[in-house]
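Protein chains in written order, with our numbering: chain A, 5 to 291; chain B, 5 to 291.
For reference, the structure is listed below as structure tokens.
There are 2 protein chains.
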Amino acid sequence: MTEPTILTMTAPREDAHKPGRTVSSRVFALLNAFSQERPALRLVELTAVTGLPVSTVHRIAAELVELGALKKERDGTYRIGLRMWELGSLCPQPRTLRDVSLPFIHDLYETTAENVHLAVLDGDEVLYVERVWGRRSVDVVSRVGGRSPLHATGVGKVLLAHAPRELQQAVLAAGLRRYTPRTIVMPGLLMRALQEIRETGIARCAEELSLGTVSVAAPIHGPDRRVVAALSVVSHTVTHTRSLAAVEPALRLAAMSISRELAKGYAGGPEAGGPPGTVTPIRSAAR
Amino acid sequence: MTEPTILTMTAPREDAHKPGRTVSSRVFALLNAFSQERPALRLVELTAVTGLPVSTVHRIAAELVELGALKKERDGTYRIGLRMWELGSLCPQPRTLRDVSLPFIHDLYETTAENVHLAVLDGDEVLYVERVWGRRSVDVVSRVGGRSPLHATGVGKVLLAHAPRELQQAVLAAGLRRYTPRTIVMPGLLMRALQEIRETGIARCAEELSLGTVSVAAPIHGPDRRVVAALSVVSHTVTHTRSLAAVEPALRLAAMSISRELAKGYAGGPEAGGPPGTVTPIRSAAR
DNA sequence: GGCGCGTTTCCATCCAGTGGGAACCCGGCG
DNA sequence: CGCCGGGTTCCCACTGGATGGAAACGCGCC
Numbered sequence: 005m006t007e008p009t010i011l012t013m014t015a016p017r018e019d020a021h022k023p024g025r026t027v028s029s030r031v032f033a034l035l036n037a038f039s040q041e042r043p044a045l046r047l048v049e050l051t052a053v054t055g056l057p058v059s060t061v062h063r064i065a066a067e068l069v070e071l072g073a074l075k076k077e078r079d080g081t082y083r084i085g086l087r088m089w090e091l092g093s094l095c096p097q098p099r100t101l102r103d104v105s106l107p108f109i110h111d112l113y114e115t116t117a118e119n120v121h122l123a124v125l126d127g128d129e130v131l132y133v134e135r136v137w138g139r140r141s142v143d144v145v146s147r148v149g150g151r152s153p154l155h156a157t158g159v160g161k162v163l164l165a166h167a168p169r170e171l172q173q174a175v176l177a178a179g180l181r182r183y184t185p186r187t188i189v190m191p192g193l194l195m196r197a198l199q200e201i202r203e204t205g206i207a208r209c210a211e212e213l214s215l216g217t218v219s220v221a222a223p224i225h226g227p228d229r230r231v232v233a234a235l236s237v238v239s240h241t242v243t244h245t246r247s248l249a250a251v252e253p254a255l256r257l258a259a260m261s262i263s264r265e266l267a268k269g270y271a272g273g274p275e276a277g278g279p280p281g282t283v284t285p286i287r288s289a290a291r
Numbered sequence: 005m006t007e008p009t010i011l012t013m014t015a016p017r018e019d020a021h022k023p024g025r026t027v028s029s030r031v032f033a034l035l036n037a038f039s040q041e042r043p044a045l046r047l048v049e050l051t052a053v054t055g056l057p058v059s060t061v062h063r064i065a066a067e068l069v070e071l072g073a074l075k076k077e078r079d080g081t082y083r084i085g086l087r088m089w090e091l092g093s094l095c096p097q098p099r100t101l102r103d104v105s106l107p108f109i110h111d112l113y114e115t116t117a118e119n120v121h122l123a124v125l126d127g128d129e130v131l132y133v134e135r136v137w138g139r140r141s142v143d144v145v146s147r148v149g150g151r152s153p154l155h156a157t158g159v160g161k162v163l164l165a166h167a168p169r170e171l172q173q174a175v176l177a178a179g180l181r182r183y184t185p186r187t188i189v190m191p192g193l194l195m196r197a198l199q200e201i202r203e204t205g206i207a208r209c210a211e212e213l214s215l216g217t218v219s220v221a222a223p224i225h226g227p228d229r230r231v232v233a234a235l236s237v238v239s240h241t242v243t244h245t246r247s248l249a250a251v252e253p254a255l256r257l258a259a260m261s262i263s264r265e266l267a268k269g270y271a272g273g274p275e276a277g278g279p280p281g282t283v284t285p286i287r288s289a290a291r
């Protein structure tokens, strides 16, 4: 925990994908340096991670602090600022998804007392958009804003099962990383599993990402019937080896309710575009 | 809703506070153009709102899309991108606050079936960090990521009551805007109310922001005993005129529990600084 | 006191950002 | 069918903001 500076310098082999030399790209290089594991960074660390020269990092970081995108603690560490959070909360995807499904997620939690996850597909990973749990739930690793592999989680498999062929191919091509002895690493097996998920409308995941954790997941459909998210209940193997089967109906029901709600409430609602053209005066520069 | 283009050009009197002429400031000028009311903007709208020339906006917007900070729909509108949400979710304040308090908020909702709000102070406003509700709750306006005035809400009054004198003065100096007949607009009355809130440890707000809505709020203390957030239960006047008094003990309890949890779990935890110096390799440039 | 590490400031160079303007796209209309 | 107007995209010569090496600074530690 209190290790000295273990900088696994990523600098040497930077540019891996030409970060671009625009200022904006540098700005986001800084911001992207932050992550769940590294929520606070000092100047040197930022330079090490981004590979940018010190003075550049220093200047941009200062600008970002000025703009509220970063916050500088008195101990010199930088963190993501409140404004970033506020801006992020405007992202339509997670926002409406959350707004619509929270009550149902809630009920689901209430009846199961387990972790309930809501996730969407982003790139070739699962992105957790919401998570509800309580003191009665076992704790799991995933966090809101966190990511997991597609082939080794319940939500991931659901999303992958309903994803375009290309993505499925890409995932297979990239190789199915083994996380536990039970991870599905054979392409054929995975494809068959996905097929079954499409047929049954539910995905089960038993210790495929981490030992001791099991989950079931169901798809959530958007207004256009396409799968936009996945809902899952996660538990510990020991506590509920088979009992997860018992929550499947409830899970299904919740997922369907949310889908229906999405279809009705947000077909032409604020989310569906918010009629462009209607512009109200800009919020007087807060702060 | 489907009005033609009502551009209340803010351009003419821009610079009100010199936006700065750095690229980063322009980037955030674009991003800040988005808000709860205007979650989707088209190019022209962006230029109108920011006051920047078209080509500049076009170029920067394209860069931001490239970086995932914005998303461009096929209809030409821009929206906040998933990456922004993801970055925002790293903001320590809302994140740990949420992580710690969700179970309690939950229980509180469960016992009251009312809206439960968690808010922090930002600038001279209340910023809603979390909100839990269900089908049994009445709907209120506030949204996660939304803002409200300090002097006309339960959470606001709690936060203001424990805020530094300067802020209180500033709020008074700025003038107490009247929202309803019951809004406290007299400085003296507000100060007295704040005093009482400090003494009783609870704030009541009866139709001071909008008619028909009442709430009670309690402070949440951080590890250093300073007030870091406020928790509240919100309801409709009609449904629960007096019954809110009944939830006060539960509210108090929840707030205290959260405070205690904050004190213990996060004193030296990841939030408290996440020992800088420990750096793991950068996440291979996703996307 | 002096050393080492990290942060902050400075400033001459220069290239990326700028923005006016033109081309383009498209749906509506006479 | 061709014109029109609003919005978007593209272009490119000019210039001022970004750059980053280097030096100064601050500080904890031996």
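Every residue gets a Cβ at the ideal spot worked out from N, C-alpha and C, and that includes glycine.
Check	Outcome
For residue 121/A, three-class secondary structure by DSSP	strand
Residue of 158/B, 129/B and 123/B minimising C-alpha distance to residue 207/B	158/B
Three CB pairs or more closer than 8 Å across the segment 89-106 of chain B and the segment 132-140 of chain B	yes
Cα-Cα separation between residue 92/A and residue 121/A, rounded to whole angstroms	19 Å
Interface partners of residue 136/A on chain B, CB under 8 Å	106 and 110
The beta strand (DSSP E) enclosing residue 169/A, as first and last residue numbers	Where residue 169/A is concerned, there is no enclosing beta strand (DSSP E), although the alpha helix (DSSP H) it sits in stretches over 169-178.
7 Å Cβ cutoff met for residue 191/A and residue 171/A	no
Other residues of its chain near residue 68/B: CB distance less than 6 Å, five sequence neighbours each side excluded	74
Where the beta strand (DSSP E) through residue 217/B begins and ends	217-225
Residue 60/A to residue 33/A span [Cα, whole Å]	12 Å
3-residue-minimum beta strand (DSSP E) runs that sit fully inside the segment 64-112 of chain A, ordered along the chain	74-76 and 82-84
Counted within 10 angstroms of its Cβ, other Cβ atoms place residue 268/A as buried (16 or more) or exposed	exposed
Chain-ordered chain A contacts of residue 64/B [CB-CB under 7 Å]	28
Sheet register partners of residue 159/A (DSSP bridge)	Answer is none; residue 159/A lacks a bridge partner.
Straight-line gap, residue 274/B to residue 40/A (C-alpha atoms, nearest Å)	Any reading at residue 274/B must be qualified, since the residue scores a pLDDT of 39, below 50, and its modelled position is unreliable; the value itself is stated next. Computed Cα separation, rounded: 10 Å.
Members of the segment 79-101 of chain A near chain B, C-beta cut-off 9 Å	79, 80, 81, 83, 84, 85, 86, 87, 88, 89, 90, 91, 92, 93, 94, 95, 96, 97, 98 and 99
Interface residues of the segment 200-217 of chain B facing chain A [CB-CB below 7 Å]	none
DSSP-derived helix/strand/coil call for residue 236/A	strand
At least three beta-carbon pairs within less than 8 Å, the segment 82-91 of chain A to the segment 216-225 of chain A	no
Length of the line joining the Cα atoms of residue 185/A and residue 167/A	26 Å
Integer Cβ distance of residue 188/A from residue 212/A, believed to fall under 8 Å	6 Å
In DSSP terms, what residue 44/B is bridged to	83/B
Cutoff 7 Å: residue 252/A Cβ touching any chain B Cβ	no
Any chain B beta carbon closer than 7 Å to residue 71/A	yes
Burial state of residue 143/B, where buried means 16 or more other Cβ atoms lie within 10 Å	exposed
Reduced DSSP secondary structure (H/G/I, E/B, other) of residue 135/B	strand
Extent of the continuous beta strand (DSSP E) to which residue 153/A belongs	151-153
Candidates 262/A, 199/A and 203/A: closest to residue 226/A by CA position	262/A
is_contact[residue 179/B, chain A] using C-beta, thresh 7 Å	no
Sequence-distant residues of its chain with Cβ nearer than 7 Å to residue 229/A (five each side left out)	none
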